[in-house]
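Q: This is the structure I have questions about; it appears just below.
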Amino acid sequence: MKHHPDDLIMLFNDLFRDRWQTILVRGDDEPEYIPARDATDVHRVIFAHGYFASALHEVSHWCIAGEKRRQLRDYGYWYCPDGRSDREQADFEKVEVKPQALEWLFSAAAGSPFHISVDNLSGSGASDEAGFRANVAGQARDFLHHGMPQRAHLFLDTLLAFYDRHPVFGPDLFRA
Numbered sequence: 001m002k003h004h005p006d007d008l009i010m011l012f013n014d015l016f017r018d019r020w021q022t023i024l025v026r027g028d029d030e031p032e033y034i035p036a037r038d039a040t041d042v043h044r045v046i047f048a049h050g051y052f053a054s055a056l057h058e059v060s061h062w063c064i065a066g067e068k069r070r071q072l073r074d075y076g077y078w079y080c081p082d083g084r085s086d087r088e089q090a091d092f093e094k095v096e097v098k099p100q101a102l103e104w105l106f107s108a109a110a111g112s113p114f115h116i117s118v119d120n121l122s123g124s125g126a127s128d129e130a131g132f133r134a135n136v137a138g139q140a141r142d143f144l145h146h147g148m149p150q151r152a153h154l155f156l157d158t159l160l161a162f163y164d165r166h167p168v169f170g171p172d173l174f175r176a
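First residue of the sequence shown: 1, per the working numbering; consecutive thereafter.
Spelled out as structure tokens, the structure:
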């Protein structure tokens with residue numbers, strides 16, 4: 001199955017543009033979230049380099065961000081670029097568990113491969129890659145069993161319908 005980021009843009013924008021004044025946008029460089037400047041503007045979730053996986057990841061962050069965070073550029077989060085110290089990497093991994101869990105679910109719903117990302121290639125790598133993967137898998141299972149944010153649930157259902165995939169969340173999905 002071919003996965004086109006334009007499909008994600010269409011699905012996201014159809015689903016969220018009117019209700020949450022938010023659109024998904026293909027970017028040229030780094031991903032970014034830009035809140036609306038005023039009541040006539042839209043919020044923009046910008047994903048990197050037109051990559052399908054980047055779009056799913058950035059949508060995941062948006063689905064988790066609360067109302068106040070969605071009014072702040074990049075949701076008001078710190079971002080320490082690639083090359084993080086061990087402590088910075090451990091902090092990064094803590095805040096990435098939920099977005100990567102949603103990304104994993106969105107990827108499965110679209111029939112697209114998911115790759116855990118420690119995002120620290122020029123640093124010391126993961127602080128605990130096996131532990132991070134287990135935490136992401138555990139959070140994904142928790143979302144399935146106990147619920148997920150409303151916007152994430154809407155997007156997940158939309159992906160399942162668009163890609164004509166019935167729930168594909170069996171026990172083998174989250175093998176670490």
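A virtual CB, placed ideally from N, CA and C, is assigned to each residue, including glycine. In this text the structure is predicted, and so the values were computed from the model without any measurement.
1. Whole angstroms are fine: how far does the CA of residue 17 sit from the CA of residue 9?
2. Answer yes if the region 42-50 comes into contact with the region 98-105, meaning at least three C-beta pairs across the two stretches below 8 Å, and no otherwise.
3. Between residue 35 and the rest of its own chain, which residues show a CB-CB distance below 7 Å, the 5 nearest in sequence each way excluded?
4. Helix, strand or coil, according to DSSP, for residue 40 in the structure here?
5. According to DSSP, is residue 163 helix, strand or coil?
6. Taking all protein chains shown into account, decide if residue 161 is buried (16 or more other Cβ within 10 angstroms of its Cβ) or exposed.
7. What are the boundary residues of the alpha helix (DSSP H) that residue 26 is part of?
A: For this structure:
1. 11 Å
2. no
3. 43, 70, 71, 72 and 73
4. coil
5. coil
6. exposed
7. Run containing residue 26: none in the alpha helix (DSSP H); it sits in the beta strand (DSSP E), 22-26.
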